[in-house]
Structure formats: C-alpha cells, structure tokens
Amino acid sequence: MDLSLSTRTVGDRTVVEVGGEIDVYTAPKLREQLVELVNDGSFHLVVDMEGVDFLDSTGLGVLVGGLKRVRAHEGSLRLVCNQERILKIFRITGLTKVFPIHTSVEEAVAATD
Amino acid sequence: MATVELRFSALPEHVRTARLVAAAVARRSGVDEAVLDEVRLAVGEACTRAVGLHQSSGISAPVRVLLIEEEKQFSIEVGDEAPRTAPGEKVPGAYGADDPDAESEEDEMGLAVISGLVDDVEVTAGEHGGLIRMSWPNTPPAALVP
Chain A
-15 MDLSLSTRTV GDRTVVEVGG EIDVYTAPKL REQLVELVND GSFHLVVDME GVDFLDSTGL
45 GVLVGGLKRV RAHEGSLRLV CNQERILKIF RITGLTKVFP IHTSVEEAVA ATD
Chain B
2 MATVELRFSA LPEHVRTARL VAAAVARRSG VDEAVLDEVR LAVGEACTRA VGLHQSSGIS
62 APVRVLLIEE EKQFSIEVGD EAPRTAPGEK VPGAYGADDP DAESEEDEMG LAVISGLVDD
122 VEVTAGEHGG LIRMSWPNTP PAALVP
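Protein chains in written order, with the numbering used here: chain A, -15 to 97; chain B, 2 to 147.
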C-alpha cells in the first residue's frame, strides 16, 4: 500500500483526494503536493481523506504545515473525513479545533466560514 | 513468555513493516480486534520516532522492536540507540538539520499520540539510548485448534 494523490478544481477550491497510508515514508509526497498547490496559487484546499487507511503524527504535521501555508495567503484548508479511526487521531491531538472537518466534499466546497 | 524480535535499518520505508508485524503478533496473542488499530498506530509512532533519532544522530545500528506475549498482556518495546545527555536532547546531524524545530515538534506529536492512545506506557532514555514500552491486555487462545 502506498499513497495516492489526485487533484481537481471545484469552483475556487482545489480538492486533493488522498488514498492509502500517510506515514513517515509517504508524508513527504503529500507535503510536496500541498506546497506545489500553494506555490501555484491554490489557496483554498479541500483534502479528501475518505480513501486514507492509515494516518500518523507525521501526516498530521504535514496537514498542519499545509494549513500554515494557505493561511499566509488568507486561504483555507478543509478536511473531509468520516472514518472513526482517523477522526480519533485528530481528537486525541486536539486538532479537531484547528481543522474544519466535513462529512462530504460537497459540504467542504460549499463552506465559507 | 513468547517473543518476536524485529530489527530494521533506520529508514522510513521499514516503519510500515514494523506496524504490520506488530499487528499480526498482537492479533495472534489475543489482543482485542478493536484495539489493533491503536497498536498499529502506537508502534508506528514509536518506530518513526526511533528512526528520526537514529538518522539525526547518524547512528547506523538498527531500530529494535520486541513483541512480547505474556499471560495477561501483550507488550511492545521499541528501542533506539540515540544517546541523550538530557531527555529529548539530540545530536545535530544530516536528517532534518535544515529545520530542527519542525523535527522536534513531530517527535513531540508522536509521543503525544502514543500517550493519548495507550494507557500503559513507559518512556525512558539514557546515555545508551531510549526505550518506549507499551502494554495492552490480551486474552490468549485457550487451546490450539488445528
């Protein structure tokens, strides 16, 4: 199992669909993708985590780094996740207060606050 | 006391192997299915931390993982050989040297995840390296059914 990444544009948002395992080995690929998007001027990101089987603190670090980057451009980074095993990691680290977490891509794309 | 020992070169790509082996041995020793996700995550965090410490200290020795089946509990020990003169202090090295603060934050986050996940955890470190020991209750199979 590796990490899969694909991006698409929905209105002014860029949806990054992530699949597989985000860990110390694969997280740099996600970091590169997020950095590249921000460098190319995409500041409103929706990271769809529905296809993620595993996420560790390295992955959380990359997401926090992404959030920091888009915020520097007054952008946003929203997550889509319904999986309890993944949500639990955000809860125990207190990151549910940092990231807006949505139940669907449609909801995340429509969100404005 | 049955033990499985795993040693791997301090490379990020091997952390996944350690997770898979740990989860397989934990399942076999009777750790509840619902807890296996936690075992997988916790051992991954501990190994990630050990890999980072070995790389930043330039240590070529492998990271050591012990999977210990006991009567009422299943334990995992993840040992590194990175010397500390004080807890958390690191020797500068190649890995992440351009951004040492970020690395140390990730290290802290890994420990935060472990302590949030595992009730029974001990973290020790000394001049010869560090050790994270984590335990979970288990129910060993009563008998072998062929």
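From the three backbone atoms N, C-alpha and C, an ideal C-beta is built for every residue, glycine too.
Nothing here was measured: the structure is a model prediction, and the numbers come from that model.
Exercise. Residues of chain A with a CB under 9 angstroms from the CB of B:A24: which are they?
Worked result: Against the second sequence, residue 24 of chain B aligns to sequence position 23. The contacting residues do not exist; B:A24 stays about 11 angstroms from chain A at best.
Exercise. Roughly how many whole angstroms lie between the Cα atoms of A:G78 and A:E58?
Worked result: Within the first sequence, residue 78 of chain A is the residue found at index 94, counting from 1. Within the first sequence, residue 58 of chain A is the residue found at index 74, counting from 1. When rounded, the distance between both Cα atoms is 23 angstroms.
Exercise. Is it a yes or a no for the stretch 80 to 90 of chain A touching the stretch 31 to 45 of chain B, going by three-plus beta-carbon pairs under 8 angstroms?
Worked result: no
For this session: Measure the CB-CB distance between B:S76 and B:R134 and report whether it falls below 9 angstroms.
Result: The count along the second sequence starts at 1 and reaches residue 76 of chain B at position 75. The count along the second sequence starts at 1 and reaches residue 134 of chain B at position 133. Against a cut-off of 9 angstroms, the Cβ pair of B:R134 and B:S76 comes out as a contact.
Exercise. In whole angstroms, what is the alpha-carbon distance linking A:L29 and A:L51?
Worked result: Reading the first sequence from its first residue, position 45 is the one you call residue 29 of chain A. Reading the first sequence from its first residue, position 67 is the one you call residue 51 of chain A. Cα to Cα, A:L29 sits roughly 9 angstroms from A:L51.
Exercise. Around the C-beta of B:V92, are 16 or more other C-beta atoms found within 10 angstroms, so that it is buried, or is it exposed?
Worked result: Looking up residue 92 of chain B in the second sequence gives position 91. Any reading at B:V92 needs caution, since the residue's pLDDT is 47, under 50, leaving its predicted position unreliable; the model's value is listed next. Flag for B:V92 reads exposed.
For this session: Scan the stretch 20 to 84 of chain A and note each continuous beta strand (DSSP E) run of 3 residues or more that stays entirely inside, going in chain order.
Result: 28 to 39 and 60 to 64
For this session: Take B:E71 and list the residues in its own chain whose beta-carbon comes closer than 7 angstroms to its own, dropping the five residues that flank it on each side.
Result: Counting from one through the second sequence, the residue named residue 71 of chain B turns up at place 70. Counting only Cβ-Cβ distances below 7 angstroms, and skipping sequence neighbours, we find M2.
For this session: Please name the residue or residues paired with B:M135 in a DSSP beta bridge.
Result: What you label residue 135 of chain B is simply residue 134 of the second sequence in a count that begins at 1. DSSP, once it has assigned bridges, lists B:I77 and B:V122 as partnering B:M135.
For this session: Return no unless some Cβ of chain B is closer than 9 angstroms to the Cβ of A:V31.
Result: Taking the first sequence and counting its residues from 1, the one referred to as residue 31 of chain A is at position 47. It does not: the Cβ of A:V31 has no partner Cβ on chain B nearer than 9 angstroms.
Problem set entry | B:H55 (DSSP reduced to helix, strand or coil) | Counting from 1 along the second sequence, the entry for residue 55 of chain B is found at position 54. Three-state result, B:H55: helix.
Exercise. So who's on the other strand from B:T18, going by DSSP bridges?
Worked result: One-based indexing of the second sequence puts residue 18 of chain B at position 17. For B:T18, which the question treats as bridged, DSSP gives no partner whatsoever.
Exercise. Over what stretch of residues does the beta strand (DSSP E) that includes A:V(-1) continue unbroken?
Worked result: Residue -1 of chain A sits at position 15 when you count from the first residue of the first sequence. Segment R(-3) to I6, the beta strand (DSSP E) holding A:V(-1).
Problem set entry | Beta-carbon neighbours of A:D37, restricted to chain B and to distances below 7 angstroms | Residue 37 of chain A sits at position 53 when you count from the first residue of the first sequence. In chain order: nothing, as chain B lies at least about 10 angstroms away.
Exercise. So A:E90 is in the beta strand (DSSP E); what residue range does that whole segment cover?
Worked result: To locate residue 90 of chain A, count along the first sequence from 1; it is residue 106. Careful: A:E90 lies outside any beta strand (DSSP E), inside the alpha helix (DSSP H) at V89 to A94.
Exercise. Between A:G43 and A:L14, which are expected to be in contact by the criterion C-beta below 8 angstroms, what is the C-beta distance as a whole number of angstroms?
Worked result: Position 59 of the first sequence, counting from 1, holds the residue named residue 43 of chain A. Position 30 of the first sequence, counting from 1, holds the residue named residue 14 of chain A. Indeed, because the Cβ distance is near 7 angstroms, the residues count as touching under 8 angstroms.
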